[in-house]
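A.B. asks:
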Amino acid sequence: MTARSSLRDLDWRALLRDAPNGYDVGADDRAALEWHAGKGAATYGELLPDAASALLAWLAPTTSDVFVDLGSGSGRLPIQAVCETAVGRAVGVELSTGRHAAASRARDLLASAMDDDGRAELAQRLELRCEDLRATALDDVTLIWMSSTAFPEPLFAAACRHIDARAGRLRLLATTTALPPPWDRVFEAVGSLHLATTWSPRTRVHVARRRSAATVPPIAAEAAT
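Mapping of the sequence shown onto my numbering: residues 1291 to 1515, in sequence order.
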């Protein structure tokens, strides 16, 4: 195989066909995840590759964007973002050590097919964090994805609170469940898509943006502080 110098030249789907997935994690890892994040938090699912392409096309990231997947599992979406779009940087945040290891293995498989220039680009544009999504740095983030269907309600609310408090540059927030009160008034819906996921051929994806401070209802503004 000829080493590639650009991520856009990689056949990443073929390279990752036999890579570890987010389902094959141990019982201890699952138990630790649910202890930290709540019952049900270890449940796994992700966008199918063609659906991920559709989402990324809708979000249309540019070189000035930072895209973050909160709960990134095996890292497929951040990897797809750097391989298929011009996004400046893509970040995967995953609390499960097993799933983070799977994402790291996928990144290493990409790196093995690239030359020095390609590996430098990969290192610059793809970041994988083994962290709690409720505490991860979001200062420079402009686009956020959460596959939130299996999130326990307290986890989803805490994630929304953290995004509101820390993602000051946010342009768009996409989730697989509607935002709960009061966050549905802090962020306003701008569109929706129906995309194929591992659990449904037509999962509704909700896309929202932050309301301006002048239009946020007082109760929501108080809840956001």
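Beta carbons are placed, not taken as given, at the ideal position from N, Cα and C, and that holds for glycine.
(1) Once you ignore the five residues that flank V1495 on each side, which residues in its own chain have a CB closer than 8 Å to its CB?
(2) Just list the alpha helix (DSSP H) runs in the stretch 1441 to 1475, keeping only unbroken ones of 4 residues or longer that don't cross its boundaries, in chain order.
(3) Look at S1362 and V1383 and say whether their C-beta atoms are less than 8 Å apart.
(4) Roughly how many angstroms separate the alpha carbons of V1476 and E1443, rounded to a whole number?
(5) What does DSSP give as the partner residue(s) for R1500 in the beta ladder?
(6) Taking the alpha carbon of A1562 as the reference point, which residue from R1419, D1407, M1436 has its own alpha carbon closest?
(7) According to DSSP, simplified to helix, strand and coil, what is V1383?
(8) To the nearest angstrom, how far is it from the Cα of D1430 to the Cα of K1329?
(9) Check whether the Cβ of A1347 lies closer than 7 Å to any heavy atom of the ligand COA, and answer yes or no.
(10) Below 6 Å CB to CB, which residues in the same chain sit around T1375 once its five sequence neighbours on both sides are set aside?
(11) So for R1324, helix, strand or coil by DSSP?
(12) With DSSP as the reference, identify every bridge partner of E1411, one or two as the case may be.
(13) When you compare only the Cα positions, how much space is there between S1343 and R1461?
(14) Just the Cα atoms here: how many angstroms apart are W1473 and R1451?
(15) Return the Cβ separation of L1399 and L1305 in integer angstroms, given the expectation that the two are a contact with Cβ distance under 8 Å.
(16) Can you tell me whether V1480 is buried or exposed? The criterion is at least 16 other CB atoms within 10 Å of its CB, across all chains shown.
(17) Any idea what DSSP makes of E1540, helix, strand or coil?
(18) What residue range does the alpha helix (DSSP H) around L1345 cover?
C.D. replies: Reading from the atomic positions:
(1) Cβ within range, chain order: L1345, A1464, T1465, T1466, S1482, L1483, H1484, L1485.
(2) Listed in chain order, the complete alpha helix (DSSP H) runs (minimum 4 residues) inside the stretch 1441 to 1475 are 1443 to 1456.
(3) Taking 8 Å as the Cβ cut-off, S1362 and V1383 qualify as a contacting pair.
(4) Their backbone Cα atoms lie some 17 Å apart in a straight line.
(5) In DSSP, R1500 forms a bridge with F1477.
(6) Residue 1562 lies beyond the stretch modelled for the chain, which goes from 1291 to 1515, so this question has no answer here.
(7) If DSSP states are grouped into helix, strand and coil, V1383 belongs with the strands.
(8) Distance from the CA atom of D1430 to the CA atom of K1329, rounded to whole angstroms, is 31 Å.
(9) For the structure depicted, the ligand COA is absent and the ligand set is empty, with no information on it obtainable.
(10) Apart from sequence neighbours up to five positions away, the residues of its chain that approach T1375 with a beta-carbon distance below 6 Å are L1346, P1351, ordered along the chain.
(11) Going by the sequence as given, residue 1324 is Glu instead of Arg. DSSP places E1324 in helix when its eight states are reduced to three.
(12) None, per the DSSP bridge assignment.
(13) Taking the straight line from one Cα to the other gives about 19 Å.
(14) In this model, W1473 and R1451 are separated by some 8 Å (Cα to Cα).
(15) Yes, L1399 and L1305 are in contact; Cβ-Cβ is about 5 Å, under 8 Å.
(16) That one is exposed.
(17) Beyond the ends of the chain as shown, which are 1291 and 1515, falls residue 1540; an answer cannot be given.
(18) Following the DSSP letters along the chain, one finds L1345 inside the alpha helix (DSSP H) bounded by residues 1339 to 1349.
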